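Numbering (UniProt numbering), first residue to last: 1 to 149.
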């Protein structure tokens, strides 16, 4: 059935939007699936930028074939020149990027994963960086885990 037949709704602070009056736990108790929709303003910027790049630079931007290993991009990231770059524009990310020195996509995956409340509160960030930079040895809880960790 329709969601508005099951739960009470109310106007949201944003004009033209409505929200459920119940919290996520109440919805879960009724078997209603919670979906988080992430609105990204940067997507609109990209949508506007691509035609401008085509018009002024004569370059066709193909999202499916952007190089994943562009050194200039990684140099920019290492300098923490990331205002407006999704996922790495927070102060915490910008403080970590120069220390992490990402040089490949997987480095960014790790960067975004460790600069989160859980790893920060669990004091996992500095040991990871120290081991990554060779300042302390990498240890494994069991030798069998070495190939996968």
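Using N, Cα and C, we set each Cβ at its ideal position, and we do this for glycine too.
Computed from a prediction, not measured in an experiment: that's the story for all the values here.
To the nearest angstrom, report how far apart residue i and residue j are at their CA atoms.
| i | j | result |
| --- | --- | --- |
| residue 81 | residue 94 | 8 angstroms |
| residue 86 | residue 131 | 26 angstroms |
| residue 9 | residue 39 | 20 angstroms |
| residue 113 | residue 88 | 11 angstroms |
| residue 47 | residue 2 | 32 angstroms |
| residue 79 | residue 101 | 9 angstroms |
| residue 56 | residue 67 | 21 angstroms |
| residue 70 | residue 142 | 37 angstroms |
| residue 136 | residue 36 | 39 angstroms |
| residue 126 | residue 63 | 34 angstroms |
| residue 144 | residue 65 | 38 angstroms |
| residue 51 | residue 117 | 38 angstroms |
| residue 49 | residue 14 | 26 angstroms |
| residue 124 | residue 146 | 18 angstroms |
| residue 32 | residue 4 | 12 angstroms |
| residue 22 | residue 16 | 19 angstroms |
| residue 122 | residue 30 | 34 angstroms |
Taking 7 angstroms as the cut-off, decide whether the C-beta atoms of residue i and residue j are in contact.
| i | j | result |
| --- | --- | --- |
| residue 173 | residue 129 | With the chain represented from 1 up to 149, any question about residue 173 goes unanswered, as that position is not in the structure. |
| residue 133 | residue 140 | no |
| residue 120 | residue 96 | no |
| residue 20 | residue 7 | yes |
Quick one: measure Cβ to Cβ for residue i and residue j, integer angstroms, because I've assumed they're closer than 8 angstroms.
| i | j | result |
| --- | --- | --- |
| residue 45 | residue 53 | No, residue 45 and residue 53 are not in contact; Cβ-Cβ is about 12 angstroms, not under 8 angstroms. |
Below 6 angstroms CB to CB, which residues in the same chain sit around residue i once its five sequence neighbours on both sides are set aside?
| i | result |
| --- | --- |
| residue 103 | 74 |
| residue 59 | 53 |
| residue 138 | 131 |
Excluding the five sequence neighbours on either side, which residues of its own chain have a C-beta within less than 7 angstroms of the C-beta of residue i, listed in chain order?
| i | result |
| --- | --- |
| residue 11 | 18 |
Report all residues from its chain with a CB closer than 8 angstroms to the CB of residue i; omit the five preceding and five following residues, and keep chain order.
| i | result |
| --- | --- |
| residue 34 | 24, 27, 28 |
| residue 42 | 84, 86 |
Taking 6 angstroms as the line, does the beta carbon of residue i fall inside it for any heavy atom of the ligand ZN?
| i | result |
| --- | --- |
| residue 8 | In the structure shown, the ligand ZN is absent, as is every other ligand, since no ligand is present at all. |
- Message: Three Cβ pairs or more, each shorter than 8 angstroms: is that satisfied between the stretch 68-78 and the stretch 102-112?
- Response: yes
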